[in-house]
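Last residue of the sequence shown: number 92 in UniProt numbering, and the count goes up by one each step with no gaps.
Ideal Cβ positions, reconstructed from N, Cα and C, are used throughout, including at glycine.
Reading through the structure tokens given below for one structure.
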Amino acid sequence: MRVEKEQRITEDARISAEQNVAAKKSAANVLQEKYEDTMASIVQMEASIVQMEERLINAQSTSEATLHYQTGSVKEHQSPRFVKFLLLETVE
């Protein structure tokens, strides 16, 4: 009877340990998925930031070219597109 009781206790402990391991594996998988989703989101945000920076540089160049054109500091035969091209060349 005592041996059977010890066997039951041992079996219960084993089952509990297996359940604990399964729960921890499940939690680790959930965390891994969240990590991967977060990293993918960060990559997308970085790409968006690069695009916004490019648009900002374009807008600044266009604004500067327009200002130079309107103030007459650019030769009159140069078109605003040509001025923008020149300004972009100096930015890069």
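If you draw a straight line from the C-alpha of I49 to the C-alpha of E11, how long is it? Reading the sequence shown from its first residue, position 49 is the one you call residue 49. Reading the sequence shown from its first residue, position 11 is the one you call residue 11. Cα to Cα, I49 sits roughly 57 Å from E11.
Bounding residues of the alpha helix (DSSP H) (the contiguous stretch that carries I39): Within the sequence shown, the letter at position 39 stands for residue 39. Rather than Ile, the amino acid found at residue 39 in this sequence is Met. It spans 2–71 - the alpha helix (DSSP H) in which M39 sits, taken as one unbroken run.
Enumerate in chain order the residues of its own chain whose CB-to-CB distance from L56 is below 7 Å, with the five nearest sequence positions on each side excluded. Taking the sequence shown and counting its residues from 1, the one referred to as residue 56 is at position 56. Excluding residues within five positions, none has a Cβ falling inside 7 Å.
Please decide whether M39 counts as near chain C, where near means a Cβ-Cβ distance under 8 Å. As a matter of chain content, chain C is missing from the structure shown, which is built from one protein chain.
Spatial distance of Q44 from S26 (CA atoms): Here the question's residue 44 lines up with position 44 in the sequence shown. Here the question's residue 26 lines up with position 26 in the sequence shown. Distance between Q44 and S26, taken at the CA atoms: about 27 Å.
On the criterion of 16 or more Cβ atoms from any shown chain inside 10 Å, does Q59 qualify as buried, or is it exposed? Mapped onto the sequence shown, residue 59 falls at position 59. Going by the sequence as given, residue 59 is Ala instead of Gln. Exposed, by the Cβ-count rule.
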